[in-house]
Amino acid sequence: MIYSDEKIPDVVFLNVTVKPGSKEQKLTRGIDELVVHLKSSPIKGKANKELVVFLSKIFGIKKNQLTIVKGLKNRNKIVQFLDITQDSILTILEFDLKD
297 MIYSDEKIPD
307 VVFLNVTVKP
317 GSKEQKLTRG
327 IDELVVHLKS
337 SPIKGKANKE
347 LVVFLSKIFG
357 IKKNQLTIVK
367 GLKNRNKIVQ
377 FLDITQDSIL
387 TILEFDLKD
């Protein structure tokens with residue numbers, strides 16, 4: 297779900313599955329990924345833009361610190377985070393995903 301590359305410091309990657317057209321924005325757990333429910337439709341990149349804005353708010357970082365590096369036209373995506381630690385992401389996810 298979340299991983300980093302020792303060759304690239306200060307970069308963390310997160311596997312995300314997007315569910316566009318949802319009634320509300322929310323995070324849920326998948327089997328091996330974070331599931332992000334978005335209100336936008338997947339037309340003309342609207343859901344991708346909403347994903348970046350939503351995740352930047354959840355993690356308290358700037359939008360330019362997030363990049364969708366794989367899956368721009370797919371529900372399964374890999375999101376790259378800059379200048380945030382893997383531990384910080386895990387702590388925030390544990391808080392936001394607790395039942």
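Counting with my numbering, you get residues 297 to 395 for the letters of the sequence shown.
A virtual CB, placed ideally from N, CA and C, is assigned to each residue, including glycine.
**Q.** Pairwise C-alpha distance: E346 and E320
**A.** Residue numbering aside, residue 320 sits at position 24 when the sequence shown is read from its first letter. Residue numbering aside, residue 346 sits at position 50 when the sequence shown is read from its first letter. In a straight line, the C-alpha of E320 is about 12 Å away from that of E346.
Q: Give the straight-line distance between the Cα atoms of F309 and K358, rounded to the nearest whole angstrom.
A: Locating residue 309 in the sequence shown gives position 13, where the first residue counts as 1. Locating residue 358 in the sequence shown gives position 62, where the first residue counts as 1. Their backbone Cα atoms lie some 16 Å apart in a straight line.
Q: Report the rounded CA-to-CA distance for T348 versus S318, giving the unit in angstroms.
A: Working through the sequence shown from its first residue, we reach residue 348 at position 52. Working through the sequence shown from its first residue, we reach residue 318 at position 22. First, the amino acid is wrong: residue 348 is Val here, not Thr. Cα-Cα distance, rounded: 16 Å.
Q | Exposure of K340, with buried meaning 16 or more beta-carbon neighbours within 10 Å | A | As a first step, residue 340 must be located in the sequence shown, where it is residue number 44. Counting Cβ neighbours within 10 Å, K340 comes out exposed, since fewer than 16 surround it.
Q | Cutoff 8 Å; reference S384; Cβ partners in own chain excluding five residues on either side | A | To locate residue 384, count along the sequence shown from 1; it is residue 88. The answer, listed in chain order, is F355.
Q.
If you measure between the beta carbons of L330 and L389, is that distance less than 8 Å?
A. Stepping through the sequence shown from its first residue, residue 330 is reached at position 34. Stepping through the sequence shown from its first residue, residue 389 is reached at position 93. A contact, by the Cβ cut-off of 8 Å.
Q: Could you tell me whether the Cβ atoms of S336 and P316 are closer together than 8 Å?
A: Along the sequence shown, read from residue 1 onward, the residue named residue 336 stands at position 40. Along the sequence shown, read from residue 1 onward, the residue named residue 316 stands at position 20. Cβ distance < 8 Å, so S336 and P316 count as in contact.
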